[in-house]
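So the sequence shown is numbered by this note's numbering: it starts at 157 and just counts up by one.
The beta carbon of each residue, even a glycine, is placed where N, CA and C say it ideally should be.
Note that this is a predicted model, so its numbers are computed, not measured.
Notes to accompany the following structure.
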Amino acid sequence: MAKKTEKRTVYEKKAGESAQTNGKLTIYEYEQKYTKRQNVRGAKFLLRLLAAIVGVFLFAILALISLDVYKINEYVGYGVAGGCLLLYIFVFIVPVCKIMKSDYFITNVNGFTAREAQRHNKKLRHDIAEKIIDLTAKVEGVGWYDSKIVGQLAIASKTGDEEGIKHNLTALYEGSVKKTAKDMIFKSSLRSATYSMVSQAARVDAALIVVVNLQLIKDLIFLYGFRPSDAKLMKIFGRVLTNSLTAYGLGSMNVGNTVVKTMGEAVRDIPILGSAIATLVDGSVQGLVNGTLTTVIGYQTIKYLNKEYKLQDILDGVDVSETPVELQEACTQLETQLKKKKKLAAAI
């Protein structure tokens with residue numbers, strides 16, 4: 157085992173020296189710096205499992221809200237249940253399907269998968285460029301992308317200028333897209349905070365957090381043109397579930413009354429004032445916390461998007477061409493296998 161490790165180290169060193177002569181990062185250097193061991197199938201399974209858990213949680217909340225209304229009035233309860241079902245389809249199933257169907261850059265690679273990942277990422281860059289160009293041309297006043305840079309991107313795309321496409325996409329992501337993403341996050345956070353202040357109900361707060369967070373993730377992915385990888389998206393969905401549970405727990409606590417009790421005699425003889433203070437404190441605390449949780453979701457999403465975009469750019473410049481060392485190793489392996497088969501045939 158030690159000999160194999162030593163042999164691989166020498167091989168990687170020689171391959172590295174070969175690549176250094178043309179100024180490119182080797183795939184082994186990329187592996188060492190940026191690749192992490194992960195179970196791809198496991199990440200995909202856990203992502204779908206988390207999405208299902210979030211879906212079940214939201215469905216249960218909507219069912220409980222419908223049941224509460226049904227207890228008050230049977231016919232109104234049926235109407236609310238139907239409305240909740242339609243709401244569930246449009247605010248959960250549709251966004252999640254759009255998120256899952258979006259493509260992502262493959263950056264967690266090794267020597268065997270790097271070349272295929274480069275081809276995939278190149279195609280995805282072209283698809284993103286075409287989408288941005290098409291959206292800017294067809295949707296008047298969208299204002300998401302810098303029109304001057306989009307014009308340069310269109311020229312690069314039409315002429316097949318790969319470096320031009322990468323350069324202009326990077327300029328968009330570092331400029332107008334970054335600004336638009338921050339605006340989206342702020343508006344979603346404000347919406348989440350406002351809804352929470354108005355609702356004053358744990359179940360409604362928890363449902364709103366799921367809906368607003370998923371909508372924000374979907375909008376950011378649409379803005380960038382790609383989604384985070386399965387492993388990263390799994391973490392984001394986990395955060396959505398945590399945020400919703402936090403909102404539910406906070407909504408179940410009577411924060412305001414606790415504050416009023418600490419004020420003692422000052423409000424004891426003024427019940428209306430005490431009730432108003434309790435409501436105000438409850439609403440403001442819930443709104444602030446839920447708005448902050450939505451902000452965290454937004455910035456976590458764009459952090460992963462930016463990181464994986466930069467990694468694919470690095471990977472695109474990695475030298476994955478076969479070196480003489482690789483060719484020699486492949487021939488040696490072939491020779492060894494043939495000798496084994498020859499001995500086995502002779503023994504039979």
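In its own chain, which residues sit with a C-beta less than 8 Å from the C-beta of residue i, not counting the 5 before and 5 after it?
{"i": "Q371", "result": "V247, P251 and S344"}
{"i": "Y186", "result": "V265, A270, I470, L471 and V474"}
{"i": "H323", "result": "A312"}
{"i": "I221", "result": "V236, C240, R359, V360 and A363"}
Throw me the rounded Cβ distance for the residue i and residue j pair, which I believe falls under 8 Å.
{"i": "L328", "j": "Y301", "result": "6 Å"}
{"i": "I289", "j": "A310", "result": "5 Å"}
{"i": "Y366", "j": "V225", "result": "In the sequence on display, residue 366 carries Val and not Tyr. With a Cβ gap of about 20 Å, V366 and V225 do not count as contacting."}
{"i": "L243", "j": "L218", "result": "7 Å"}
{"i": "E464", "j": "S385", "result": "6 Å"}
{"i": "F261", "j": "Q468", "result": "4 Å"}
{"i": "L379", "j": "T336", "result": "6 Å"}
{"i": "I377", "j": "S258", "result": "5 Å"}
{"i": "K497", "j": "K374", "result": "K497 to K374, Cβ: 55 Å. No contact."}
{"i": "T292", "j": "V306", "result": "5 Å"}
{"i": "M390", "j": "A199", "result": "6 Å"}
Here's the rule I'm using: 16 or more other beta-carbon atoms within 10 Å means buried, otherwise exposed. How should residue i be labelled?
{"i": "Y234", "result": "exposed"}
{"i": "A363", "result": "buried"}
{"i": "F393", "result": "buried"}
{"i": "L500", "result": "exposed"}
{"i": "V476", "result": "buried"}
{"i": "N277", "result": "buried"}
{"i": "A403", "result": "buried"}
{"i": "S400", "result": "buried"}
{"i": "C240", "result": "buried"}
{"i": "G447", "result": "buried"}
{"i": "G299", "result": "exposed"}
{"i": "L505", "result": "Coverage of the chain is limited to positions 157 through 504, which leaves residue 505 absent and any answer about it impossible."}
{"i": "F382", "result": "buried"}
{"i": "I183", "result": "buried"}
{"i": "T492", "result": "exposed"}
{"i": "V445", "result": "buried"}
{"i": "I321", "result": "buried"}
{"i": "L449", "result": "buried"}
{"i": "L458", "result": "Before going on, a small fix: residue 458 reads as Ile here, not Leu. Result: buried."}
{"i": "L206", "result": "buried"}
{"i": "V295", "result": "exposed"}
{"i": "V232", "result": "exposed"}
{"i": "V196", "result": "exposed"}
{"i": "V333", "result": "buried"}
What does residue i pair with, by DSSP beta-bridge criteria?
{"i": "E181", "result": "Reading off the sequence shown, one finds Leu at residue 181, where the question assumed Glu. Paired residues: V474."}
Residues in its own chain within less than 7 Å of residue i by CB, not counting five upstream and five downstream?
{"i": "V396", "result": "V210, V366, N369, L370 and I453"}
{"i": "F215", "result": "Y244"}
{"i": "Y351", "result": "L364"}
{"i": "T451", "result": "I341 and S345"}
{"i": "Y455", "result": "I341"}
{"i": "C487", "result": "none"}
{"i": "S348", "result": "L364, I365, V368, N446, G447 and T450"}
Apart from the five residues just before and just after residue i, which ones in its own chain have a Cβ nearer than 6 Å to its Cβ?
{"i": "R275", "result": "none"}
{"i": "Y460", "result": "P384 and K388"}
{"i": "Q489", "result": "none"}
{"i": "S355", "result": "D361"}
{"i": "E230", "result": "none"}
Would you say the beta carbon of residue i is closer than 7 Å to some non-hydrogen atom of the ligand GTP?
{"i": "P384", "result": "In the structure on display, the ligand GTP does not appear, and there are no ligands present to speak of."}
Report yes or no: is there a C-beta of chain D within less than 8 Å of the C-beta of residue i?
{"i": "S222", "result": "In summary, chain D is missing from the structure at hand, where a single protein chain is found."}
Report task. Entirely within the region 221-260 and at least 4 residues each: give me those alpha helix (DSSP H) ranges in chain order. Result -> DSSP runs (the alpha helix (DSSP H)) wholly in the region 221-260: 230-244 and 250-257.
Query - Contained alpha helix (DSSP H) runs [length at least 4] in the region 301-372, N- to C-terminal order - result: Under the rule that a run must span 4 or more residues, the alpha helix (DSSP H) segments found entirely inside the region 301-372 read 303-315, 318-330 and 332-355.
Query raised in the report: In chain order, which continuous runs of the alpha helix (DSSP H) of length 4 or greater are located wholly inside the region 267-301?
Result: Fully enclosed alpha helix (DSSP H) runs of 4 or longer: 270-294.
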